[in-house]
Amino acid sequence: GAGVSQTPSNKVTEKGKYVELRCDPISGHTALYWYRQSLGQGPEFLIYFQGTGAADDSGLPNDRFFAVRPEGSVSTLKIQRTERGDSAVYLCASSLVASGSDEQFFGPGTRLTVL
Amino acid sequence: GENVEQHPSTLSVQEGDSAVIKCTYSDSASNYFPWYKQELGKRPQLIIDIRSNVGEKKDQRIAVTLNKTAKHFSLHITETQPEDSAVYFCAASGSNYKLTFGKGTLLTVNP
Chain A
10 GAGVSQTPSN
20 KVTEKGKYVE
30 LRCDPISGHT
40 ALYWYRQSLG
50 QGPEFLIYFQ
60 GTGAADDSGL
70 PNDRFFAVRP
80 EGSVSTLKIQ
90 RTERGDSAVY
100 LCASSLVASG
110 SDEQFFGPGT
120 RLTVL
Chain B
54 GENVEQHPST
64 LSVQEGDSAV
74 IKCTYSDSAS
84 NYFPWYKQEL
94 GKRPQLIIDI
104 RSNVGEKKDQ
114 RIAVTLNKTA
124 KHFSLHITET
134 QPEDSAVYFC
144 AASGSNYKLT
154 FGKGTLLTVN
164 P
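So the protein sequences, as listed, match chains A and B.
So that you can map any letter, position 29 of the first sequence is 38 in the working numbering, and since no number is skipped, the others follow by simple counting.
So that you can map any letter, position 21 of the second sequence is 74 in the working numbering, and since no number is skipped, the others follow by simple counting.
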């Protein structure tokens, strides 16, 4: 079946604007994760959903970042009042269950550039 | 929280040689240790993983070892090929499910 998909693949915006990044997990996967990857670094955890609820949002850098998963499938990461420091690749991953040792499948990412 | 250190940051080998990448972690509660390969501009892809009840796991030319006492784990690639060239990330997770990644190792296999 299809893997994790993310749209858009690239997003260029101006400082202060609002952006939404979308993630479509693998069908049937109940756990969904958002990570952020800066150039030359490993992915850094942002938020994790089990079903519709955010089970752990401890990685969100501040209150400008918010994510939803209203029907337990597609998720949207929302960034308000974007700053140049938000520029990075935003990766989404999903796993069948949230067991702590279940493989996480990554999407291709959205490259966000804030001018 | 968990902290994962990865070494070396870059590694260059000749085709056919072996490559070893090492990681240490700080949280003794971590029990799952995956390794991801990421080619330039592509998504991270799992190549092998190990759980804390196992000391070693092998899959063809790739092996991973885990020393829970010392809190370190290593990736071993034998008979390297040019297509093994990529960035490799180690990661660790425990009961909180989130993966904590190392900073990556850029492996270059020279033909």
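Every residue gets a Cβ at the ideal spot worked out from N, C-alpha and C, and that includes glycine.
Practice task
Could you have a look at E109 of chain B and say whether DSSP puts it in helix, strand or coil?
Solution key: E109 of chain B falls in the strand class under three-state DSSP.
Problem - chain A within 8 Å of P97 of chain B, Cβ atoms only - result: Under the 8 Å criterion on CB atoms, P97 of chain B is classed as interfacial with respect to chain A.
Practice task
Alpha carbon to alpha carbon, how far is E29 of chain A from A123 of chain B? Give it in angstroms, no decimals.
Solution key: Their Cα atoms are separated by approximately 43 Å.
Problem - Beta-ladder partner(s) of H125 of chain B, from DSSP - result: The secondary-structure analysis by DSSP pairs H125 of chain B across a beta bridge with B:T77, B:N120.
Problem - Proximity to C32 of chain A [Cα-Cα], best of A:L41, A:D95, A:L55 - result: When each option's Cα is compared against that of C32 of chain A, the closest is A:L41.
Exercise for the section: Answer with buried or exposed for Q67 of chain B, where buried requires no fewer than 16 other C-beta atoms within 10 angstroms of its C-beta. Expected result: So Q67 of chain B counts as exposed.
Exercise for the section: At 9 Å on the CB atoms, spell out the chain B contacts of G2 of chain A, in chain order. Expected result: Any property of residue 2 of chain A remains undetermined from this structure, which presents chain A solely from 10 to 124.
Exercise for the section: Consider the Cβ of K151 of chain B: report whether some Cβ of chain A lies at a distance smaller than 8 Å. Expected result: Residue contact check for K151 of chain B against chain A: a CB pair falls below 8 Å.
Handout entry: Close-in-space but distant-in-sequence residues of the same chain around E132 of chain B (CB under 7 Å, 5 per side omitted)
Key = Taken in chain order, the residues that qualify are G69, R114.
Handout entry: Stretch pair the region 87-99 of chain A + the region 60-77 of chain A: three plus CB contacts closer than 8 Å
Key = Verdict: yes, contact present.
Practice task
Kindly indicate if chain A contains any beta-carbon less than 8 Å away from that of K156 of chain B.
Solution key: With 8 Å as the cut-off, K156 of chain B counts as an interface residue toward chain A.
Problem - For S146 of chain B: DSSP bridge partner residues - result: Bridge partners of S146 of chain B: B:Y85.
Practice task
With a threshold of 16 other CB atoms inside 10 Å of the CB of P87 of chain B, please say whether the residue is buried or exposed.
Solution key: Residue environment: P87 of chain B is assigned as buried (16 or more neighbouring CB atoms within 10 Å of its CB, all protein chains considered).
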